Amino acid sequence: MSWKAGAPLPPGTTAPDFTLPSSPRQPVSLADFRGRLVVLAFYPADWSPVCGDQLALYSSLRDEFERLGAEVLGISVDGPWCHAAYTEARRLRLTLLADFEPKGEVSRRYGVYDEAEGTSGRALFVIDGDGTIRWSYRSPDEVNPGADGILEALEGLQARTAGKGGTTA
Amino acid sequence: MTAQRRAPPVTDLDHVQGGDSALVTLIEYGDFECPSCGKAYPILKRVKARLGDRLRFVFRNFPLESHPHAAHAAEAAESVATLGGNEAFWTMHDLLFGNQKALEDDDLAGYAEHAGVDGRAVLMDLAEGRYRQYVRDSFMKGVRSGVNGTPTLFLDGIRYDGNRDEETLVAALQLVSAQASGG
Chain A
1 MSWKAGAPLP PGTTAPDFTL PSSPRQPVSL ADFRGRLVVL AFYPADWSPV CGDQLALYSS
61 LRDEFERLGA EVLGISVDGP WCHAAYTEAR RLRLTLLADF EPKGEVSRRY GVYDEAEGTS
121 GRALFVIDGD GTIRWSYRSP DEVNPGADGI LEALEGLQAR TAGKGGTTA
Chain B
1001 MTAQRRAPPV TDLDHVQGGD SALVTLIEYG DFECPSCGKA YPILKRVKAR LGDRLRFVFR
1061 NFPLESHPHA AHAAEAAESV ATLGGNEAFW TMHDLLFGNQ KALEDDDLAG YAEHAGVDGR
1121 AVLMDLAEGR YRQYVRDSFM KGVRSGVNGT PTLFLDGIRY DGNRDEETLV AALQLVSAQA
1181 SGG
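Sequences listed follow chains A and B, in order. Residue numbers for the first sequence follow my numbering, beginning at 1 and rising by one. Residue numbers for the second sequence follow my numbering, beginning at 1001 and rising by one.
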């Protein structure tokens, strides 16, 4: 198993803001999602088999994520047109962001850039509505981390919000 | 989430090949339109033949929406199981994996007929979405158990992340079944 990139930013850290192009050349900023939960899924590359399974799974879970009030953003160093072709070919209902220029900059700031491979490592972050990282997980690049950890983290946050007098979906 | 992933226990609602006296249980979460599952299908068939009655095999639906026909194929298989029983389900399962490129609703009805079930009844079930929620529940239970793509295998309930070639799988299953018979 390879763990070449560094450690992901831990829970309690303020999530570094960023603006990256999404598939149809639209810039997306983390700050756009203030007040909502965000899942960042860094992954090494479009088209590679493990990534495909992982993103196909998240796409199939879109309704669950929505129910939990969370937006999932996939991030790799592939360019926006590559993301566009990939999203269409795999029928993904996900926003993919291009950490393309300067290459890997956002991945680096989250502690998950793999310098040796020149790609994002496989890592997950759950960010709350205030922009604070509440859960992070680094998976070996060849292991698809699935979604059970993300769902548990999101539900934990929802329960806490409800406890503070907020509402659950 | 680094802990061992465990599949929900086998119940009467599951589609099972092999008896209760088997020494080891292999659960597959699969998608009838998934090419990797299609590749695994003949391998698993040979593995089943080699393990014989030492093995109990369970198939659970895990249709990914990136495969446009997968959900209906899964629902049709459930419909066939209800209408025609366990044997009909496995005939349907084999036909679906044998014909992954032809999974339109009319194809599904044809395979159901081959499995000895009224194809029109299956089409009606599909139109009504009778098994949609059931299949979705199976999918979500799989997600919660750490199913991360297809196919995902569980050996005696624990997720198997090893190679899926015939020899490796047989060796892994033999090891578990030897432990079962020894203990």
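For every residue, glycine included, the Cβ atom is placed at its ideal position computed from N, Cα and C. Computed from a predicted model, the values in this text were never measured in an experiment.
>> Can you pull out the residues from the stretch 1138-1169 of chain B whose beta carbon lies closer than 8 Å to at least one beta carbon of chain A?
In response: Using a CB distance below 8 Å, the part of the stretch 1138-1169 of chain B facing chain A consists of PHE1139, MET1140, VAL1143, ARG1144, SER1145, GLY1146, VAL1147, ASN1148, GLY1149, THR1150 and ASP1161, ordered along the chain.
Review point. What are the start and end residues of the beta strand (DSSP E) that includes TRP135(A)?
Key: Here residue 135(A) refers to the residue found at position 135 of the first sequence. Where TRP135(A) is concerned, the enclosing beta strand (DSSP E) stretches over 133-139.
Strictly below 9 Å CB to CB, what residues from chain A border PRO1068(B)? Within the second sequence, numbered from 1, the residue matching residue 1068(B) stands at position 68. Counting only Cβ-Cβ distances below 9 Å, PRO1068(B) has contacts in chain A at ARG91, in chain order.
* Which residues in the same chain as LEU1096(B) place their Cβ atom closer than 6 Å to its Cβ, once the five residues preceding and following it in sequence are excluded? -> For the purposes of this step, residue 1096(B) is identified with residue 96 of the second sequence, where counting begins at 1. Around LEU1096(B): PHE1032 and ALA1073.
C-alpha distance - ALA1171(B) paired with ASP148(A), whole-angstrom precision:
On the second sequence, position 171 is the one that residue 1171(B) refers to. On the first sequence, position 148 is the one that residue 148(A) refers to. Each residue's Cα considered, the two are about 29 Å apart.
Neighbour-count burial assignment, ASN1163(B), 16 or more Cβ in a 10 Å radius
Locating residue 1163(B) in the second sequence gives position 163, counting from the first residue. By the Cβ-count criterion, ASN1163(B) is exposed, with fewer than 16 other Cβ atoms from all chains shown falling within 10 Å of its own Cβ.
inquiry  = Within 8 Å of any Cβ in chain A, is that where the Cβ of LEU1108(B) sits?
reply    = One-based indexing of the second sequence puts residue 1108(B) at position 108. Taking Cβ atoms only, chain A never reaches closer than 8 Å to LEU1108(B), which makes this a no.
> Would a C-beta distance cut-off of 8 Å place PRO1068(B) and ARG91(A) closer than the cut-off?
Replying inline: Reading the second sequence from its first residue, position 68 is the one you call residue 1068(B). Reading the first sequence from its first residue, position 91 is the one you call residue 91(A). Remark: C-beta atoms of PRO1068(B) and ARG91(A) approach each other more closely than 8 Å.
Review point. When the Cα of GLU101(A) is compared with those of THR132(A), GLY118(A), ALA41(A) and THR161(A), which residue comes out closest?
Key: In the first sequence, residue 101(A) corresponds to position 101, counting from 1. Per the Cα distances, GLY118(A).
**Prompt:** Using a beta-carbon distance cut-off of less than 8 Å, what residues from the stretch 114-148 of chain A approach chain B?
**Reply:** Under the 8 Å Cβ criterion, the stretch 114-148 of chain A contributes TYR137, VAL143, ASN144, PRO145, GLY146, ALA147 and ASP148.
> For a contact meaning CB atoms closer than 9 Å, what does LEU1064(B) contact in chain A?
Replying inline: What you label residue 1064(B) is simply residue 64 of the second sequence in a count that begins at 1. What LEU1064(B) touches in chain A, judged by beta-carbon distance under 9 Å, is ASP53, ALA56, LEU57, SER59 and SER60, going in chain order.
- Query: Which residue spans inside the stretch 1074-1113 of chain B form an unbroken alpha helix (DSSP H) run of at least 4?
  - Reply: Fully enclosed alpha helix (DSSP H) runs of 4 or longer: not present.
Determine, using beta-carbon pairs with one atom in the stretch 1047-1064 of chain B and one in the stretch 1100-1109 of chain B, whether at least three such pairs fall under 8 Å. With fewer than three CB-CB distances shorter than 8 Å, the stretch 1047-1064 of chain B does not count as touching the stretch 1100-1109 of chain B.
- Between LEU30(A) and chain D, is there a C-beta pair that is closer than 8 Å? In the structure shown, chain D cannot be found, because the protein chains are A and B.
Distance, SER22(A) Cα to TRP81(A) Cα:
Reading the first sequence from its first residue, position 81 is the one you call residue 81(A). Reading the first sequence from its first residue, position 22 is the one you call residue 22(A). In a straight line, the C-alpha of TRP81(A) is about 9 Å away from that of SER22(A).
Taking Cβ positions, are VAL1016(B) and LEU1173(B) nearer each other than 8 Å?
On the second sequence, position 16 is the one that residue 1016(B) refers to. On the second sequence, position 173 is the one that residue 1173(B) refers to. It is not a contact, given that the beta carbons lie outside the stated cut-off.
Alpha helix (DSSP H) segment containing THR1168(B), residue limits:
Position 168 of the second sequence holds residue 1168(B). Looking at the DSSP string, the run of the alpha helix (DSSP H) that includes THR1168(B) is 1166-1182.
Check your understanding: How many whole angstroms separate the CB atoms of ASP99(A) and SER76(A), which I take to be in contact at a CB cut-off of 8 Å?
Key -> Against the first sequence, residue 99(A) aligns to sequence position 99. Against the first sequence, residue 76(A) aligns to sequence position 76. Sure, about 7 Å apart at Cβ, within 8 Å.
*What residue range is occupied by the uninterrupted beta strand (DSSP E) comprising LEU1044(B)?*
The residue given as residue 1044(B) occupies position 44 in the second sequence. Secondary structure note for LEU1044(B): it is in no beta strand (DSSP E), and the uninterrupted alpha helix (DSSP H) holding it is 1035-1051.
>> Can you list, in chain order, the residues of its chain with a C-beta nearer than 8 Å to that of ALA1081(B)? Leave out the 5 residues immediately preceding and following it.
In response: Walking along the second sequence from the start, residue 1081(B) turns up at place 81. Only residues of its own chain outside the window of five on either side were considered, and among them HIS1015, ALA1088, PHE1089 and MET1092 have a CB closer than 8 Å to the CB of ALA1081(B), listed in chain order.
**Item:** Presumed contact (8 Å Cβ cut-off) between LEU37(A) and LEU68(A), rounded CB distance
**Value:** Stepping through the first sequence from its first residue, residue 37(A) is reached at position 37. Stepping through the first sequence from its first residue, residue 68(A) is reached at position 68. So it is a contact: roughly 7 Å between Cβ atoms.
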